[in-house]
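Trainee:
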Amino acid sequence: MSKQEKTEQRTLRVVSLYPRDMNMYGDRGNVLALLKRIRQHGFEAELVSVNCGDELPLDGDIYVGGGGQDSGQVRVAKDLKSKAAALSELADRGVPMLMICGMYQLFGKEFRTVNGEIMEGVGILDVTTVGGQTRMIGNIVLDCGELGEVIGYENHSGNTVLGPDAEAFGSVKQGDGNNPEDGTEGARYREVIGTYLHGALLPKNPSITDHLIRVAAINRYGEFTPAAIDDTAINQARQAAKSRPR
Ligand code: GLN
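First residue of the sequence shown? That's 1047 in the working numbering, and the numbers climb one at a time after it.
1. Start and end of the alpha helix (DSSP H) containing Phe1215?
2. Alpha carbons only, please: which of Glu1101, Val1077, Ala1273, Gln1220 is nearest the one belonging to Arg1059?
3. Please list, in chain order, all residues of the same chain as Leu1193 whose beta carbon is under 7 Å from its beta carbon, the five residues on each side excluded.
4. Can you tell me where the alpha helix (DSSP H) with Thr1255 in it begins and where it stops?
5. On the DSSP bridge assignment, give the partners of His1087 in chain order.
6. Measure the C-alpha to C-alpha separation of Tyr1199 and Asp1105 and round it to an integer number of angstroms.
7. Helix, strand or coil for Phe1157? Go by DSSP, reduced to three states.
8. Between the C-alpha atoms of Phe1215 and Lys1127, what's the straight-line distance to the nearest angstrom?
9. Going along the chain, which residues of its own chain have a beta-carbon closer than 6 Å to the beta-carbon of Val1176, five neighbours each way excluded?
10. Grab the span of the alpha helix (DSSP H) containing Ile1280 for me, first residue to last.
11. On the criterion of 16 or more Cβ atoms from any shown chain inside 10 Å, does Gln1119 qualify as buried, or is it exposed?
12. Just reading off the alpha helix (DSSP H) that Arg1121 is part of, what are its end residues?
13. Can you name, in chain order, every residue of its own chain whose Cβ lies under 8 Å from the Cβ of Arg1260, other than the five neighbours on each side?
14. According to DSSP, is Ala1233 helix, strand or coil?
15. Looking at Glu1227: is its Cβ nearer than 8 Å to the Cβ of Leu1188?
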């Protein structure tokens, strides 16, 4: 097979976790943005959706999960138990994952809701969350180091605290983030990102989309040559979102 033919057949598989129960504030937009950008970078894009009771594909290149109500999280937390070991193994191997809000909480060690219900998480991220009386709602802006300025929207009552093995995803420039106190937002472990940012996150933050794709492409094909993509409209949307009041 020629090099050209091989390049044409390159595919990246996106696994969407629990789209039925965990899909708030446009989180499905993350999946759509990812699929579109994968294609713009010259790959074929495949989508596998995994809901409660479905088997977890182990050959995904990028795993994505969204936010949800506490009630939806209870169902998902039960199902996640059966998938926890496999997801941990994938995370340890450096497979990229993006978990938003409710799924971020469930990728932590534990989520205790405001009603005292305790959900055990998969523990990939060293964070714990406790539901509070006050909701943290509004536009949010982060400094995410090499990923630059990240813009999103948060709405959660869970207060998350990082343990010693968790690195924050970003520091808060505007908004609350993990909790109103410590100025951190989200958590990272290897190539797993957990964050409260909806909005949806990826359509407005191509630096994160490209990061996930770069890691996935290098994992699967050993290299990544990005395409030049015109982000003018995205940059305008970012500025509009940033200028909105909280
Ligand atoms: N139920 C969780 C909370 O309020 C998650 C909410 C969400 O995913 N937006 O903390």
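Positions of the beta carbon are idealized from the N, C-alpha and C atoms, including for glycine.
Mentor: According to the data block:
1. Here residue 1215 refers to the residue found at position 169 when the sequence shown is read from its first residue. Unbroken run through Phe1215: none, as it is neither H nor E.
2. As a working mapping, residue 1059 is identified with position 13 in the sequence shown. Of Glu1101, Val1077, Ala1273, Gln1220, the residue nearest in Cα terms is Val1077.
3. Within the sequence shown, residue 1193 is the residue found at index 147, counting from 1. Contacts found: Ser1253, Ile1254, His1257.
4. Here residue 1255 is taken as the residue at index 209 of the sequence shown, counted from 1. Start and end: 1252 to 1267.
5. Numbered from 1 along the sequence shown, position 41 holds the residue referred to as residue 1087. Answer is none; His1087 lacks a bridge partner.
6. Mapped onto the sequence shown, residue 1199 falls at position 153. Mapped onto the sequence shown, residue 1105 falls at position 59. Going from the Cα of Tyr1199 to the Cα of Asp1105 covers about 31 Å.
7. The sequence position of residue 1157 within the sequence shown is 111, counting from 1. In this structure, Phe1157 counts as strand in the three-state DSSP scheme.
8. The residue you call residue 1215 lines up with position 169 of the sequence shown. The residue you call residue 1127 lines up with position 81 of the sequence shown. Approximately 25 Å, taken between the alpha carbons.
9. In the sequence shown, the residue the question calls residue 1176 occupies position 130. Here the set comprises Arg1158, Asn1205.
10. What you label residue 1280 is simply residue 234 of the sequence shown in a count that begins at 1. Residues 1278 to 1289.
11. The residue you call residue 1119 lines up with position 73 of the sequence shown. Buried, since its Cβ has 16 or more Cβ neighbours within 10 Å.
12. For this step, residue 1121 is matched to residue 75 along the sequence shown. Where Arg1121 is concerned, the enclosing alpha helix (DSSP H) stretches over 1116 to 1138.
13. By 1-based counting over the sequence shown, the position of residue 1260 is 214. Result list for Arg1260: Phe1270, Pro1272, in chain order.
14. Indexing the sequence shown from 1 puts residue 1233 at position 187. In this structure, Ala1233 counts as strand in the three-state DSSP scheme.
15. Residue 1227 sits at position 181 when you count from the first residue of the sequence shown. Residue 1188 sits at position 142 when you count from the first residue of the sequence shown. The answer is no: Cβ separation not under 8 Å.
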